[in-house]
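Following: one structure in structure tokens, then a few remarks.
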Amino acid sequence: MTIQSPLDAPALADEYFIENRNRLLELAAFLDRLDRADPTRGSRDFRLRALADALAILAGPGPNYVSQIQELLSDPTTEPIAALDRKSALGAYGGKK
Amino acid sequence: MKYIDHHAHMVSRTTDDYQHMALTGCVAVTEPAFWAGWDRSTADGMEDYFRQLTEFEPRRAAQFGVRHYCWLAMNPKESDNRELSREVLKRIPAFLDRPTVLGIGEIGMNRITRNEVATFDEQVELAHAHRQLILIHTPHLEDKLKGTRVSIEVLRRYRSLDPGRVLIDHAEEHTLELILEHGYWAGLTLYPQTKVSPQRAVDMIEQYGPDRICVAGACDWGPSDPIAVPRFVMEMRRRRLPEDLIERVVFENPARFLRQSGKFHVDLEPVAAGT
Numbered sequence: 237m238t239i240q241s242p243l244d245a246p247a248l249a250d251e252y253f254i255e256n257r258n259r260l261l262e263l264a265a266f267l268d269r270l271d272r273a274d275p276t277r278g279s280r281d282f283r284l285r286a287l288a289d290a291l292a293i294l295a296g297p298g299p300n301y302v303s304q305i306q307e308l309l310s311d312p313t314t315e316p317i318a319a320l321d322r323k324s325a326l327g328a329y330g331g332k333k
Numbered sequence: 321m322k323y324i325d326h327h328a329h330m331v332s333r334t335t336d337d338y339q340h341m342a343l344t345g346c347v348a349v350t351e352p353a354f355w356a357g358w359d360r361s362t363a364d365g366m367e368d369y370f371r372q373l374t375e376f377e378p379r380r381a382a383q384f385g386v387r388h389y390c391w392l393a394m395n396p397k398e399s400d401n402r403e404l405s406r407e408v409l410k411r412i413p414a415f416l417d418r419p420t421v422l423g424i425g426e427i428g429m430n431r432i433t434r435n436e437v438a439t440f441d442e443q444v445e446l447a448h449a450h451r452q453l454i455l456i457h458t459p460h461l462e463d464k465l466k467g468t469r470v471s472i473e474v475l476r477r478y479r480s481l482d483p484g485r486v487l488i489d490h491a492e493e494h495t496l497e498l499i500l501e502h503g504y505w506a507g508l509t510l511y512p513q514t515k516v517s518p519q520r521a522v523d524m525i526e527q528y529g530p531d532r533i534c535v536a537g538a539c540d541w542g543p544s545d546p547i548a549v550p551r552f553v554m555e556m557r558r559r560r561l562p563e564d565l566i567e568r569v570v571f572e573n574p575a576r577f578l579r580q581s582g583k584f585h586v587d588l589e590p591v592a593a594g595t
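Chains as they are written, first to last, in my numbering: chain A, 237 to 333; chain B, 321 to 595.
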């Protein structure tokens with residue numbers, strides 16, 4: 237069961253464009269910040285490589301951008317690990333897909 | 321609009337937060353046992369925490385007319401410690417008859433270790449043996465999909481376990497369908513950075529409909545918001561979605577799931593729009 241949003245596309249753009257423009261600039265500023273710190277870092281850090289892959293998804297035709305990116309960032313395996321390695325998640329999967 | 325927050329770690333919040341929740345329409349919270357941000361060293365310490373959840377917090381909430389219920393468990397982040405987990409699990413049955421204990425939770429996995437899976441299995445068995453509702457935590461970020469898949473795999477081994485008595489929490493876009501298609505309830509937790517924003521939660525309601533979906537703030541000791549559910553209500557209104565749909569998601573759905581415990585008592589009468 238899906239629910240048709242009462243807002244059509246122009247109304248959604250009117251309502252949400254400004255805040256998403258801001259999110260886009262925040263992401264751009266983050267990438268600029270990384271470049272200033274170390275222009276080569278992006279290729280070495282698996283999280284930043286995942287971010288670049290996610291941006292390629294966003295540049296594509298869709299649909300389901302969010303699900304595609306969630307899956308890109310997820311551990312695809314199902315086998316439990318043998319021993320606890322750390323408490324916290326890192327935000328992107330660094331192993332082999 | 322009145323609402324129920326089915327996932328709020330109030331031991332980490334101030335009394336003012338209870339007041340703010342009450343002022344924004346909260347009539348009941350349910351508090352799962354969780355990780356305090358550091359590992360506890362003894363089962364005695366955990367038992368004291370269970371007493372806090374069952375004795376002190378209901379009194380603190382009642383000052384503002386908020387009903388407080390709880391879930392007891394060995395939480396996922398400490399469940400890799402098998403020795404402590406076994407000791408804690410032995411002590412839980414003595415609490416299950418307390419009037420505000422709704423079931424076993426939040427159980428689940430953190431990094432999906434073999435030990436965590438074993439403890440999770442034992443807690444599902446405990447809940448099943450004592451006919452308790454189950455509240456499941458799914459891991460964060462890159463571990464969520466795997467943790468959800470493994471949790472469901474364990475749950476499905478209990479063939480007589482009614483999936484309608486299990487809520488799998490912290491669902492996101494890539495796990496929601498998996499949870500719903502197996503008949504479980506799903507929770508969307510509204511968390512500033514690591515879970516779901518009100519906007520994305522409303523997107524998921526639009527995509528999947530309101531059946532068996534609840535929303536909660538999951539406020540705790542980290543960056544989180546005790547009035548996240550009212551922000552979700554505001555976002556639903558911003559999309560021009562109808563009041564009866566909003567009320568279903570933030571009040572009727574959690575009430576329907578939680579009443580299966582036989583202990584959850586909050587009036588199910590509809591609330592007039594705009595109240």
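Idealized CB from N, CA, C, for every residue including glycine.
Keep in mind it's a predicted model, so treat the numbers as computed, not measured.
Compare the C-beta of Pro-316 (chain A) with all C-beta atoms of chain B and state if any pair is closer than 8 Å.
yes
Just the chain A side, please: which residues come within less than 7 Å of Arg-559 (chain B) by C-beta, in chain order?
Ser-241, Pro-242 and Leu-243
For chain A, is any of its Cβ atoms less than 8 Å away from the one on Gly-428 (chain B)?
no
For a contact defined as C-beta to C-beta under 7 Å, what are the partners of Asp-250 (chain A) on chain B?
Going along chain B, no residue has its Cβ under 7 Å from Asp-250 (chain A), so there is no contact; the nearest lies around 12 Å.
Tell me whether Leu-508 (chain B) sits in a helix, a strand or coil according to DSSP, three-state version.
strand
Expressed to the nearest angstrom, what Euclidean distance is found between the alpha-carbon atoms of Thr-276 (chain A) and Trp-355 (chain B)?
38 Å
If we require 4 or more residues per run, which alpha helix (DSSP H) segments fall completely within the segment 450-508 of chain B?
464-475 and 496-501
What in chain B is Cβ-close to Lys-323 (chain A), meaning under 8 Å?
Lys-397, Asn-430 and Arg-431
By a C-beta neighbour count over all protein chains shown, 10 Å radius and 16 as the cutoff for buried, is Asn-238 (chain A) buried or exposed?
Per the sequence presented here, residue 238 (chain A) reads as Thr, with Asn not at that position. Burial call: exposed.
What would DSSP say about Leu-307 (chain B), mapped onto helix, strand or coil?
Any question about residue 307 (chain B) goes unanswered here, given that chain B covers just 321 to 595.
Starting from Leu-392 (chain B), trace the beta strand (DSSP E) both ways and give me its first and last residue.
387-392
Which chain B residues sit within Cβ distance under 8 Å of Glu-307 (chain A)?
Leu-465 and His-494
My guess is that Ile-324 (chain B) and Pro-574 (chain B) are in contact by the Cβ rule of under 8 Å, so how many angstroms apart are they, rounded?
4 Å
CB-CB under 6 Å to Pro-396 (chain B), same chain, minus the five flanking residues each way: which ones, in chain order?
Gly-428, Met-429, Asn-430 and His-457
For the alpha helix (DSSP H) containing Val-408 (chain B), list its first residue and its last residue.
402-411
What's the gap between the Cα of Gly-289 (chain A) and the Cα of Asp-281 (chain A)?
The residue you asked about is not Gly; residue 289 (chain A) is Asp in the sequence shown. Rounded to the nearest angstrom, the two C-alpha atoms are 13 Å apart.
Give the range of the alpha helix (DSSP H) segment to which Thr-335 (chain B) is assigned.
335-343
Going along chain A, which residues have a C-beta under 9 Å from Pro-518 (chain B)?
Near Pro-518 (chain B) there are no residues of chain A at all, since even the closest Cβ is about 12 Å away, more than 9 Å.
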